[in-house]
Amino acid sequence: MAVPSAANLALPWIWCSLLLALCLQVMPLAEGWQIWRPDWLGLMLIYWCMKTPSRVGVLHAFVLGILLDLIEGAVLGQNALLLSLLAFLCALVYPRFRAYSLLQQALMVLVLLGFMQLGEQWLRTLLGPFSIHLSFLTPALIGALLWPWFATLFNALGRRLTGG
1 MAVPSAANLA LPWIWCSLLL ALCLQVMPLA EGWQIWRPDW LGLMLIYWCM
51 KTPSRVGVLH AFVLGILLDL IEGAVLGQNA LLLSLLAFLC ALVYPRFRAY
101 SLLQQALMVL VLLGFMQLGE QWLRTLLGPF SIHLSFLTPA LIGALLWPWF
151 ATLFNALGRR LTGG
């Protein structure tokens with residue numbers, strides 16, 4: 001039996017992982033636990049934008065953002081704008097990001113997710129009730145803490161699936 005090549009396996013693997021992250025992003029949690037949910041979709045999008053920038057980019061982020069808007073019942077385009085901006089920023093820092101160690105990458109993930117959370121808070125302030133507190137940065141901090149394990153796990157899974 002022939003081992004599937006990385007090119008043949010990549011696109012289904014990418015979409016399955018992005019859709020799994022979308023499911024984890026909208027999974028219901030108890031009222032007090034929602035603040036501790038990492039931004040799964042943002043983490044997965046950063047991973048794939050850094051791993052395969054030629055295959056995953058702003059268009060993928062926009063489509064996933066529209067799906068997230070529809071599932072959450074948010075203003076149509078809010079998450080699409082934020083995830084597209086995240087993918088664009090990933091494309092800007094891609095050359096440096098790959099050269100960083102996992103700890104430096106985690107700090108960069110903190111900045112990227114924090115910027116996205118700040119944008120989300122700003123949009124919510126414009127479109128809804130005004131409530132500002134620093135707890136909106138908690139998902140970015142948790143995502144940065146998870147990044148070394150997350151990246152290592154997906155690198156190992158990718159090697160195993162492609163037989164390399």
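Residue 162 in UniProt numbering sits at position 162 of the sequence shown; the count goes up by one each step and never skips. Virtual Cβ for every residue (Gly too), placed ideally from N, Cα, C.
The beta carbon of Leu-123 sits closer than 6 Å to the beta carbons of Gln-78 from its chain, once the five residues preceding and following it are set aside; these are given in chain order.
When the Cα atoms are used, Pro-95 and Met-50 turn out to be separated by approximately 9 Å. In this structure Val-56 touches Ile-14 by the C-beta definition: roughly 6 Å separates them, less than 8 Å. By the beta-carbon neighbour count (other beta carbons within 10 angstroms, threshold 16), Cys-23 is exposed. Taken through DSSP and simplified to helix, strand or coil, Leu-29 comes out as coil. Following the DSSP letters along the chain, one finds His-60 inside the alpha helix (DSSP H) bounded by residues 58-72.
Considering only Pro-38, Cys-16, Pro-12, the residue with the shortest C-alpha distance to Val-26 is Pro-38.
Here DSSP, grouped into helix, strand and coil, assigns Tyr-94 to helix. If you draw a straight line from the Cα of Gln-121 to the Cα of Gly-42, it is about 15 Å long. Leu-81 is not a Cβ neighbour of Ala-61, given a cutoff of 7 Å. A distance below 8 Å between beta-carbons, with the five flanking residues on each side excluded, links Ile-71 to the following residues of its chain, in chain order: Leu-22, Val-26. With a cutoff of 7 Å on beta-carbon distance, Gln-117 and Ala-140 are scored as near each other.
Separation of Ala-30 and Trp-36 (C-alpha to C-alpha, rounded to the nearest whole angstrom) is 11 Å. Proximity to Cys-90 across Leu-110, Ile-142, Leu-157 peaks at Leu-110, based on C-alpha coordinates.
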